[in-house]
Structure formats: structure tokens, C-alpha cells
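Colleague:
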Amino acid sequence: SAESYLNAAGVATELLQSDSLEEICEAANASDADIFVSIHCNAAEAEEANGTETWAFAGSYRGSMLANCIQSQLVDTLDTTDRGVKIATPGVNGLYVLTNTAMPAVLVELAFITNPGDEAILANAQDALARAVARGITDYEQLILGGK
Numbered sequence: 001s002a003e004s005y006l007n008a009a010g011v012a013t014e015l016l017q018s019d020s021l022e023e024i025c026e027a028a029n030a031s032d033a034d035i036f037v038s039i040h041c042n043a044a045e046a047e048e049a050n051g052t053e054t055w056a057f058a059g060s061y062r063g064s065m066l067a068n069c070i071q072s073q074l075v076d077t078l079d080t081t082d083r084g085v086k087i088a089t090p091g092v093n094g095l096y097v098l099t100n101t102a103m104p105a106v107l108v109e110l111a112f113i114t115n116p117g118d119e120a121i122l123a124n125a126q127d128a129l130a131r132a133v134a135r136g137i138t139d140y141e142q143l144i145l146g147g148k
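Heads up: the sequence shown at position 26 corresponds to 26 in the UniProt record's numbering, and the numbers run straight through without jumps.
Right under this line is the structure:
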């Protein structure tokens, strides 16, 4: 899991899971975490839709940095279609977990569960996915700590 790779690298983690996005955000904000990473599988009616995308909150420089680090690692590792880093804007396409967390936050769409090729990656490359997310987080950490 990404958690085990991060813990091995000396990064403290806290996993949050709930059907309530409000509860997730409240727990994240109460945790005093440095970052928030929400991991998902994408879906679309069009079976040909594929690839990896990572969302950051509009105006969050560190969130965008984190999104770029994770996106780069995922695309480079898995050779998925690079759908890029997307910006969530409140009132337009604001994603709840990005607009209601106090720390730099990203929402990662690993791949499309509705695309046969992407589904195979999701099913067969879980360890590579976990390592790529963890490396993206540690890349971000190095950028931030290197900037101090």
C-alpha cells in the first residue's frame, strides 16, 4: 500500500474512510496533517475514456505542486494516458474534499474502471500504483523541504 511505502520512508500517515465527505474533511482538518490525498478510480459512460488525472484546488500553489508530483510518478510508472493536473474551482467544478480541507489537498483519479485497459492496470498493478503515489508524495516533500 502507499501507506506502507510512505511509512518506510519515514512519512507518518493516517487513513480516513467514510461514506461522508464531510466526515472525511473534518477528520483531515482535525488531524493536523501537512497534506491530504484522496485516491479514486475514474468512470465514464464512454468506454474509450482512459488515463490518469489529478485535481488540485484553485489558488493552492502547494496543492498544485503535490498534484504535479503524483501525476508525473503515476504516468511515468504506469504509462497511462496523461490527462493532466486539473484545477477545481468552487462553484464551477469544485470537488468537496478539495474545497473543505485546510491543508494542500489533491484528488487522484488513478485510471478509468470503465476502460478495459485501465481496468487491467487497476487490477494487476496495485503495488506499482501504491509506489507511484508514495513517490509522488515524497517528491513533493523533498521540494518543500528543499525550499526551506
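Where is the CB? At the ideal position from N, CA and C, for every residue including glycine.
Which same chain residues, not among the five before or five after Thr101, have their C-beta less than 7 Å away from its C-beta?
Modeller: Cβ neighbours of Thr101 within its own chain (closer than 7 Å, five residues either side excluded): Cys25, Ala28, Asn29 and Phe36.
Colleague: According to the neighbour-count rule (16 or more other Cβ atoms, all chains shown, within 10 Å of its Cβ), is Val92 buried or exposed?
Modeller: exposed
Colleague: Helix or strand or just coil, what does DSSP make of Glu47?
Modeller: coil
Colleague: Can you say whether Tyr61 is buried or exposed, counting buried as having 16 or more other CB atoms within 10 angstroms of its CB?
Modeller: exposed
Colleague: Check Asn100 in the structure and name its three-state DSSP category.
Modeller: coil
Colleague: Less than 8 Å separating the beta-carbons of Thr52 and Val85?
Modeller: no
Colleague: Is Phe57 near Ala88, with beta carbons less than 8 Å apart?
Modeller: yes
Colleague: Using beta-carbon positions only, say whether Val133 and Ile70 come within less than 8 Å of one another.
Modeller: yes
Colleague: One question on the structure: do Asn50 and Gly136 come within less than 8 Å of each other, judged by their Cβ atoms?
Modeller: no
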